[in-house]
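Novice:
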Amino acid sequence: MNVKISRLQEGVYLASCKTDKFKSAVMTVSFAVPLDSDTASGYSLLTNLMSLSTGKYPTMQSFSIIKDELYALGLDAYVQRRGELLLVRLEINSIADSYAFDGEKVLYRATELLGDAIFNPHLENGIFPENKVEYEKICLIEEIESLVENKHSYAMLRARQIMCPNEPFSVDAAGEIDKVQALDGEKLMPFYRNIIENAPVFITYAGEADFEYVEECVKAHLPFKKRDSYLPDSVIHTPKNEITRVCEQMEMEQSILVLGFTTEMANTPQKRAILTVFDEIFGGSPASLLFMNVREKEGLCYYCSSYPAGRKNILFVSSGIEHGVEDKAIESIYRQVDTMKSGDFTEEDIKNAKNSIVRSLLSAENNLNSISGYLLGQILNNDSVTIEESINLVNEVTKDEIVAFAQTVTPELVYILGGAE
Amino acid sequence: MNRFKVKENKRLKEKYYYTQLDSGFKITVIPKDYPTAFAMVSCDFGSADIEYEKNQQIYKFPAGTAHFLEHKMFENEDGSDAFLEFDRFGGNANAFTSFENTGYYFSCTDNFFENLNVLLKAVSSVHFSDESVEKEKKIIAQEITMYEDSPSTNVAKNLSRALYFSHPTIHAVSGTVESISEITKETLFRAYDDFYVPANMSLCVCGNIDALTVLEIANKYFGTKKGTRPKTMFPDEPKTVNKKVFTENSIVASPLYCIGIKCNPFEENDLASHRFATALRLAISLIFGRASDFYCQNYAKGLLNERFYAGYTQSKNCAHIVISGSGSDYNTVMQEAIKAIEDKKRNFFTNEEIVREKRAAYAESLTLFDSGEDIVASMAACAHLSYDDFDGIDALCDITPEEIKEALCSVNTENCAISIIQKGTD
């Protein structure tokens, strides 16, 4: 991958990848702030407003028309949880200049529009217009309430909240209803000023443009001033050494089961490689123990997968099952954990798992979004490694290390949504 | 030996190689320089194909048969799983069933031809036992109930039931727990024997792959078997809607709605019908897109939000416009939407608006060619049709305002229905 990383200012970073394999290009700007239930709602509402209009294009219609003229330019603003950080993100998806008619400079103009959205939002009397804020509050509250419509995501959020009640990890990036309710145009301004003036900024670009040209566009339209680059680490979850069982009733055709485990904290690139190989064998693929046994052999579910939490000593297993077979499924999942602990898997299984991980690392170059994700990791984390280094680390993982990691996997939560109990 | 022909598109700066085995099995190879190569086998057999004619006799399948067959395809003769074989060669495999067809695919960074052998071997033969069919019913039943817990899936499914009387689009792709209970290994053998004939199947490969080796391997599995695809029968479907309003209760933040307008279906899915669909999609996007008066004014009034969507689907013998979103004032949305369509039939768009919309649609269709996975899915399905994505983008670029107006004027807004998911429990 042809990557260049530069520090434009203290606390302002740019990672670009030059690739001619795509007909489009993606630029992202991410502001990193600590994830906190007191502030998540403010940032969440802020992104909704920033994606509606800009100072130069203050109405929704004028903003949509200019985006259509720029070849259906996608310009989104959204918040994203990453471990225990909240990323306030703005992103543009544009066509590559070489596919524009008559040699139009789409990237340059798209970056200009992105700069307008960031540095010149539509304000009235120095604050976000109250009528827009009020309506976006209604929309955001509906968005938060509608999480329950996706049962799997809702169950995962509840599991995080129950298992880690006082940790940032349990905060929903979308925000909380009562906190959204309390916001107004003026109260949003400190959130806005904080990202513009204080929060570390991470910019990525993936597309056909040369590094120099990307830097020229960024310097012209995204002139961020220097700022502190400090980012807080994730809180280590203290194991409780007992299993909490929570069952929440909801009228549903099937139950969603989420099991929470504590694990060793994978806080070095080596340990993350071990965790990745463990997860691939345990529950991360259709060849994994969970899929092959809980689904294929026992026919208990349509899906059963494991989800290690990024940069947190926690692992979840989730499955959608028939009401009444909850305990059978739990037993079966625990049996697969025991298989991992006793090392009852072959060198061949390890080799296949490693190949699968290597393949997915190499596939980062298959699409612009995964390239962007990789680039962000390179500038956001100070212990990031390159794809090549990751591959080497994965290939070095031994069976003993996987089994040793498995010993630290300790059940702590059984969460059932919808089941009868 | 069958020779490859080449087709190029200057706009897209893309080309592909294609040929056909003596059996009628079609092969497409698209050179791409991604680290991962993709391959997909597509069979022109989907959830729409539940009634068909063969040797002057009519046969039927329970709803969900194509999907059930897809679930069983990766099971080997000895009961082992093709997924494990793919895993051995570093292949990442999966499958899907849609209304129109069934696709089996893998991606890999190495051992492409070994994986291709696994894929073609799996799809070129089937093995079922009563026991394995019964076990699969339990897994699929969980998949079906998972979808039933999704209000956004239900609101769309109910719209089909409101618009259509008996067209197979009223059934979910996976069927229902009841309909799949009727499926036996005999049903699956019949489906396989009648529809998985080489002439009804295609292989699409995307990557830096030697086309002649692909041909050689495909020939081994699909070169000789003969047979033609039976003709799918579709019931006579009235132009009017079955039910004006279809309501259901569920756990939702605010009511979900799906408004549908039933349109005239095409017997043949050819370039002419595709061109019509493209013209009508441009019209719908001009009326309801994010830059439209309709969207911007009604958003400002608090009638719409980000979840609003408008589009047009045209498939095997069915066609309708869909307008969906969330909010309690769905009746006003429906009235306003119909008013907007009727208004635009008389006060048509300016040339400037049309040029802008076409430019946006052009940019959106370019992105299909930025993903190997999307390319194989689309091109493998196109092999069953008389046009492809290259023709599609050319049609889009030279479509005229008159065609857009004609497509819009063919819409009869009286054939309109609404599906609503109300807040509450049943």
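Here the protein sequences line up with chains A and B, keeping their order. Note that the numbering used here numbers the first sequence so that position 219 is 219, with each residue one more than the last. Position in the second sequence (from 1) plus 421 gives the number in the numbering used here. Using N, Cα and C, we set each Cβ at its ideal position, and we do this for glycine too.
1) Contact check, A/E23 vs A/Y108 under 8 Å by CB: the rounded distance?
2) Listing by chain order, which chain B residues have their CB less than 9 Å from the CB of A/V148?
3) If you run the structure through DSSP and keep just helix, strand and coil, what is B/C830?
4) Taking the beta strand (DSSP E) that A/Q378 belongs to, which residues open and close that run?
5) Quickly, what does DSSP pair B/L624 with across the bridge? List them, please.
6) If we define contact as Cβ-Cβ less than 9 Å, is B/R582 a contact residue for chain A?
7) Please tell me whether B/T486 and B/I604 are closer than 9 Å, where the distance is taken between their beta carbons.
8) Excluding the five sequence neighbours on either side, which residues of its own chain have a C-beta within less than 7 Å of the C-beta of A/E421, listed in chain order?
9) Between the segment 500 to 524 of chain B and chain A, which residues of the former have CB atoms less than 9 Å from a CB of the latter, in chain order?
10) Do B/K737 and B/T653 come within 9 Å of each other at the CB atom, strictly closer than that value?
11) Thinking C-beta only, is B/K606 closer than 9 Å to B/A593?
12) Give the DSSP-derived three-state secondary structure of A/I314 in the structure shown.
13) Any idea if A/I5 is buried or exposed, counting beta-carbon neighbours within 10 angstroms, 16 or more meaning buried?
14) With the cut-off set at 9 Å, would you say A/L114 and A/H221 are in Cβ contact?
15) At what residues does the alpha helix (DSSP H) containing B/I471 begin and finish?
16) Going residue by residue through the segment 516 to 594 of chain B, where are the continuous beta strand (DSSP E) segments of at least 3 residues, counting only ones entirely within it?
17) Run through the DSSP bridge pairs and tell me what A/L31 is partnered with.
18) Between B/K766 and chain A, is the shortest Cβ-Cβ distance under 9 Å, so that the two count as touching?
19) From A/C139 to A/H122, what does the alpha carbon distance come to, in whole angstroms?
20) Using a Cβ-Cβ distance under 9 Å, would B/G710 count as near chain A?
21) Find the nearest neighbour of B/E637 within the set B/F729, B/V797, B/A514 and B/N538, judged by alpha-carbon distance.
22) Express the C-alpha separation of B/Y613 and B/P420 in angstroms, rounding to a whole number.
23) Would you be able to state if there are at least three C-beta pairs under 8 Å between the segment 473 to 484 of chain B and the segment 258 to 273 of chain A?
24) Does any heavy atom of the ligand MG sit closer than 8 Å to the C-beta of B/F643?
25) For the alpha helix (DSSP H) holding A/K341, just list the boundary residues, first then last.
26) Between A/C17 and A/L380, how many whole angstroms is the CB-CB distance? I'm expecting something under 8 Å.
27) Within this structure, are the beta carbons of A/R7 and A/L35 separated by less than 9 Å?
28) Could you please give me the residues that DSSP links to B/F667 through a beta bridge?
29) Give me the chain A residues within the contact set of B/N772, using Cβ-Cβ distance strictly less than 9 Å, ordered along the chain.
30) Per the DSSP calculation, A/P286 is bridged to which residue(s)?
31) Can you confirm whether B/F790, when its beta carbon is compared against all beta carbons of chain A, has any partner nearer than 9 Å?
32) Below 7 Å CB to CB, which residues in the same chain sit around A/L422 once its five sequence neighbours on both sides are set aside?
33) To the nearest angstrom, report how far apart B/F790 and A/P190 are at their CA atoms.
Specialist: This is what the structure holds:
1) For this step, residue 23 of chain A is matched to residue 23 along the first sequence. For this step, residue 108 of chain A is matched to residue 108 along the first sequence. A small fix is needed here, since residue 23 of chain A is Lys in this sequence, not Glu. Between A/K23 and A/Y108 a beta carbon distance of about 18 Å is seen, past the 8 Å cut, so the two are scored as non-contacting.
2) Residue 148 of chain A sits at position 148 when you count from the first residue of the first sequence. Under the 9 Å cutoff, chain B gives I672, V673 and A674.
3) On the second sequence, residue 830 of chain B is found 409 positions in, with the first residue counted as 1. In this structure, DSSP gives B/C830 a helical state, which the three-state scheme calls helix.
4) If you number the first sequence from 1, residue 378 of chain A lands on position 378. Counted as a single uninterrupted DSSP element, the stretch harbouring A/Q378 is not any beta strand (DSSP E) but the alpha helix (DSSP H) occupying residues L368 to L380.
5) Here residue 624 of chain B refers to the residue found at position 203 when the second sequence is read from its first residue. DSSP lists B/I448 and B/V462 as partners of B/L624.
6) For the purposes of this step, residue 582 of chain B is taken as the residue at position 161 of the second sequence. Chain A, which has no Cβ nearer than 9 Å to the Cβ of B/R582, makes this no.
7) Within the second sequence, the letter at position 65 stands for residue 486 of chain B. Within the second sequence, the letter at position 183 stands for residue 604 of chain B. Yes, Cβ-Cβ distance for B/T486 and B/I604 is below 9 Å.
8) As a working mapping, residue 421 of chain A is identified with position 421 in the first sequence. Residue placement at A/E421 cannot be trusted, given a pLDDT of 47 that sits under 50; what the coordinates show is reported in the next sentence. Contacts found: C247.
9) Correct list: D502, F504, L505, F507, D508, R509, F510, G511, G512, N513, A514 and N515.
10) Stepping through the second sequence from its first residue, residue 653 of chain B is reached at position 232. Stepping through the second sequence from its first residue, residue 737 of chain B is reached at position 316. At the C-beta level, B/T653 and B/K737 come within 9 Å of one another.
11) Indexing the second sequence from 1 puts residue 593 of chain B at position 172. Indexing the second sequence from 1 puts residue 606 of chain B at position 185. The answer is no: Cβ separation not under 9 Å.
12) Mapped onto the first sequence, residue 314 of chain A falls at position 314. Strand, per DSSP.
13) Locating residue 5 of chain A in the first sequence gives position 5, where the first residue counts as 1. Exposed, since its Cβ has fewer than 16 Cβ neighbours within 10 Å.
14) Reading the first sequence from its first residue, position 114 is the one you call residue 114 of chain A. Reading the first sequence from its first residue, position 221 is the one you call residue 221 of chain A. Taking 9 Å as the Cβ cut-off, A/L114 and A/H221 qualify as a contacting pair.
15) Looking up residue 471 of chain B in the second sequence gives position 50. DSSP places B/I471 in no alpha helix (DSSP H); its state is neither H nor E.
16) Assignment of beta strand (DSSP E) within the segment 516 to 594 of chain B, counting only whole runs of 3 or more residues, yields 523 to 529 in chain order.
17) Position 31 of the first sequence, counted from the start, is the residue given in the question as residue 31 of chain A. The amino acid at residue 31 of chain A is misidentified as Leu; the sequence shows Phe. For A/F31, which the question treats as bridged, DSSP gives the partners A/V88 and A/V201.
18) Position 345 of the second sequence holds residue 766 of chain B. Closer than 9 Å: no.
19) Taking the first residue of the first sequence as 1, we reach residue 139 of chain A at position 139. Taking the first residue of the first sequence as 1, we reach residue 122 of chain A at position 122. Going from the Cα of A/C139 to the Cα of A/H122 covers about 19 Å.
20) Along the second sequence, read from residue 1 onward, the residue named residue 710 of chain B stands at position 289. Yes, because at least one Cβ of chain A sits closer than 9 Å to the Cβ of B/G710.
21) For the purposes of this step, residue 637 of chain B is taken as residue 216 along the second sequence, with counting starting at 1. It is B/N538.
22) Lying before the first or after the last residue shown, residue 420 of chain B is absent from chain B, which here runs from 422 to 847.
23) In short, these stretches do not touch, since the Cβ pair count stays below three.
24) Absent from the structure shown: the ligand MG. Ligands present: none.
25) For this step, residue 341 of chain A is matched to residue 341 along the first sequence. E326 to K341 is the extent of the alpha helix (DSSP H) around A/K341.
26) On the first sequence, residue 17 of chain A is found 17 positions in, with the first residue counted as 1. On the first sequence, residue 380 of chain A is found 380 positions in, with the first residue counted as 1. About 15 Å; that fails the 8 Å criterion.
27) Mapped onto the first sequence, residue 7 of chain A falls at position 7. Mapped onto the first sequence, residue 35 of chain A falls at position 35. Cβ distance not < 9 Å, so A/R7 and A/L35 don't count as in contact.
28) Within the second sequence, numbered from 1, the residue matching residue 667 of chain B stands at position 246. B/F667 pairs with B/S840.
29) The count along the second sequence starts at 1 and reaches residue 772 of chain B at position 351. Contact of B/N772 with chain A by beta-carbon distance below 9 Å is absent, the smallest such distance being about 14 Å.
30) One-based indexing of the first sequence puts residue 286 of chain A at position 286. Looking at the DSSP assignment, A/P286 forms no beta bridge with any residue, so it has no partner.
31) As a position in the second sequence, residue 790 of chain B is number 369, starting the count at 1. B/F790 belongs to the set of residues whose beta carbon lies under 9 Å from a beta carbon in chain A.
32) A question about residue 422 of chain A goes unanswered here, because the residues of chain A that appear run from 1 up to 421.
33) As a working note, residue 790 of chain B is residue 369 in the second sequence. As a working note, residue 190 of chain A is residue 190 in the first sequence. Near 42 Å, if we compare the C-alpha coordinates of A/P190 and B/F790.
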